[in-house]
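These notes concern the structure reproduced below.
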Amino acid sequence: MMSGQEINAGGKKRRQPVDSAILDAAEQVFGWKGYQQTTMEALAREARISVGTLYNLFKSKEDIYGRVVQRVGEFVVRRIEPLARASDPEAAALDVIRLRLCNYVNDRLFFQPFCFPAYLGLQPEPARLGPEVNRLYQQYVDLVEQIFGRCLEKAGQTGTPGMKMAVCLEGMITAFMGYWSEPLQSDNLAKVARHMKTVLLRGIAPAVDQPESDTVAESRAIYISRYDLERLSELIKVVRAFGKEENQKYADILDDELKHARVTSPREVPPDVVTMNSKVRVANPTTGTDRVYTLVFPRNADSAPENISILSPLGTAVFGRRLGDVFTVDAGEDAQMYEITQMLYQPEASGDYHL
7 MMSGQEINAG
17 GKKRRQPVDS
27 AILDAAEQVF
37 GWKGYQQTTM
47 EALAREARIS
57 VGTLYNLFKS
67 KEDIYGRVVQ
77 RVGEFVVRRI
87 EPLARASDPE
97 AAALDVIRLR
107 LCNYVNDRLF
117 FQPFCFPAYL
127 GLQPEPARLG
137 PEVNRLYQQY
147 VDLVEQIFGR
157 CLEKAGQTGT
167 PGMKMAVCLE
177 GMITAFMGYW
187 SEPLQSDNLA
197 KVARHMKTVL
207 LRGIAPAVDQ
217 PESDTVAESR
227 AIYISRYDLE
237 RLSELIKVVR
247 AFGKEENQKY
257 ADILDDELKH
267 ARVTSPREVP
277 PDVVTMNSKV
287 RVANPTTGTD
297 RVYTLVFPRN
307 ADSAPENISI
317 LSPLGTAVFG
327 RRLGDVFTVD
337 AGEDAQMYEI
347 TQMLYQPEAS
357 GDYHL
């Protein structure tokens, strides 16, 4: 006769294929909808089981999410572990970057809880996902620290801990993929990875004196949420490392504006201020025409006709403005006057703090 432990072990073995199929489905749904928008009904529907069966197998949506994050984390660590044993640390560092870039979308569920501020409420805090998830993330950081630490040691550099490199790597990849680049094509991947490795190992050189811009940023009181400030600061770093000269010019203007911004929580941003992903109607008093614009990050500028990049003349000028503001874009004979006549949507006013 089988013991109680053997019976329980047999039950676990029978459950494993079922759990795996459910977690496959859950990973898809969480990836499409995000944690907040996902329901147990949606998870059950994608897994082709009843909601009751789902609750019999898992305690809650948070429990399923934690299991999915853990499984993705196991894949991440499994890919990185062999690189820590590689004989050439610089080649290993390059491979780490390439793996993160190639698998950015597939791996994001694992990294999101550790990269997005807890106050946004996009997903449960890491502490609520279980000790194994946190252990896996720390293991990943330790592996990256080991690889980049060996690179620094090989180059005879001291004073820059490998932990700092691990954190910088995550920030750079998140900013590059999240705010700047579309999914990378294979012919660009190697070049971008080499550039990132160089920046990480040598550090970003101090900014040289920039030539005076013919576009003078007007002084104005900008209200900005902590979330937007963090994202825009990351964007500016990426543009200065990878961007074209024209984009760098507007990044400098934006950076100057951010230095004078009033930073608040998302709930305290006035509802008539143009923030990231705000939709506004802008009129040109000279021509008598108006048009609706949505202010977006560069990577989303071409996804809809109404989108304008924050790193464009109009995008930089309209950011931080308030309903009723009149302002100019460009200078000299080409200067155009605009007025914000209608605020159609602001994420903060609508409670969409994650946008």
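Read in order, the letters of the sequence shown are residues 7 to 361 in the working numbering.
Here a beta-carbon is modelled for each residue, glycine too, at the ideal position from N, C-alpha and C.
Within 10 angstroms of the Cβ of residue i, are there 16 or more other Cβ atoms? Answer buried if so, exposed if not.
i    : result
A31  : buried
S309 : exposed
G321 : buried
R77  : buried
T300 : buried
N313 : buried
P95  : buried
R273 : exposed
R84  : exposed
T293 : exposed
V298 : exposed
D258 : buried
P137 : exposed
T44  : buried
A341 : exposed
P130 : buried
G162 : exposed
F155 : According to the sequence as given, residue 155 is Gly; it is not Phe. Label assigned to G155: buried.
P5   : Residue 5 cannot be examined here, being either before or after the span of the chain that is shown, 7 to 361.
I346 : buried
Using the DSSP secondary-structure output, state which residues sit across from residue i in a beta bridge.
i    : result
I346 : V288
F117 : None; F117 has no bridge partner.
F333 : Y344
R273 : DSSP lists no partner for R273.
L301 : I314
Y351 : K285
V279 : R328
Do you know whose CA, among the options, lies nearest residue i's CA?
i    : options                   : result
C157 : G58, V147 and K203        : K203
L206 : I259, M171, S284 and Q34  : M171
R237 : E251, K250, V269 and E159 : V269
E151 : E252, F36, L89 and S315   : L89
F325 : P276, N306 and L260       : L260
V102 : Y146, P319 and R54        : Y146
V111 : L350, V279 and G37        : G37
K160 : V302, S93, S26 and P130   : S93
D113 : N62, A97, L149 and E176   : E176
D296 : M343, P304, L264 and K265 : M343
G330 : P319, A289, P311 and V302 : A289
A267 : S239, E33 and P304        : S239
E178 : N62, V244 and K197        : A quick correction: the sequence has Met, not Glu, at residue 178. Considering only alpha carbons, the answer is V244.
V35  : M46, D25 and F64          : M46
F182 : C108, G155, L29 and S318  : C108
F116 : A97, K255, K65 and E33    : E33
Q348 : P291, D278 and F333       : D278
F64  : V173, V82, Q254 and D25   : D25
R246 : H201, R91 and S66         : H201
R54  : A27, E68 and F248         : A27
Where does residue i fall in DSSP's three states?
i    : result
L107 : helix
S231 : strand
F182 : helix
S315 : strand
D358 : coil
P212 : Low per-residue confidence applies at P212: pLDDT is 38, beneath 50, and the placement is therefore not dependable, though the value from the model is reported in the following sentence. P212 falls in the coil class under three-state DSSP.
D296 : strand
R268 : strand
V324 : helix
L128 : coil
D220 : Note that D220 scores a pLDDT of 39, beneath 50, so its modelled location is shaky; the value from the coordinates is reported in the next line. Correct three-state label for D220: coil.
G37  : helix
F248 : helix
K65  : coil
F136 : For the sequence presented, residue 136 should be read as Gly rather than Phe. Note: G136 maps to coil in three-state DSSP.
A53  : helix
G162 : coil
D94  : coil
A307 : coil
T45  : coil
Since I believe residue j is in contact with residue i (beta carbons under 8 angstroms), could you give me their beta-carbon distance rounded to a whole number of angstroms?
i    : j    : result
Q118 : L105 : Q118 to L105, Cβ: 18 angstroms. No contact.
E80  : L142 : 6 angstroms
A99  : I153 : 5 angstroms
N283 : P353 : 5 angstroms
C121 : T180 : 6 angstroms
V139 : G72  : 6 angstroms
R327 : V280 : 5 angstroms
S56  : A48  : Contact flag wrong, Cβ pair sits at about 13 angstroms.
R287 : L235 : That pair is no contact at about 26 angstroms.
L149 : E87  : 6 angstroms
P319 : V335 : 5 angstroms
Would you say residue i lies against chain C (beta-carbon separation less than 9 angstroms)?
i   : result
A90 : Going by chain labels, chain C is absent from the structure shown, which holds only one protein chain.
Confirm the yes/no value for this check: CB of residue i, any heavy atom of the ligand MN, distance under 8 angstroms.
i    : result
D148 : As presented, the structure is devoid of all ligands, the ligand MN included, so that no description of it is given.
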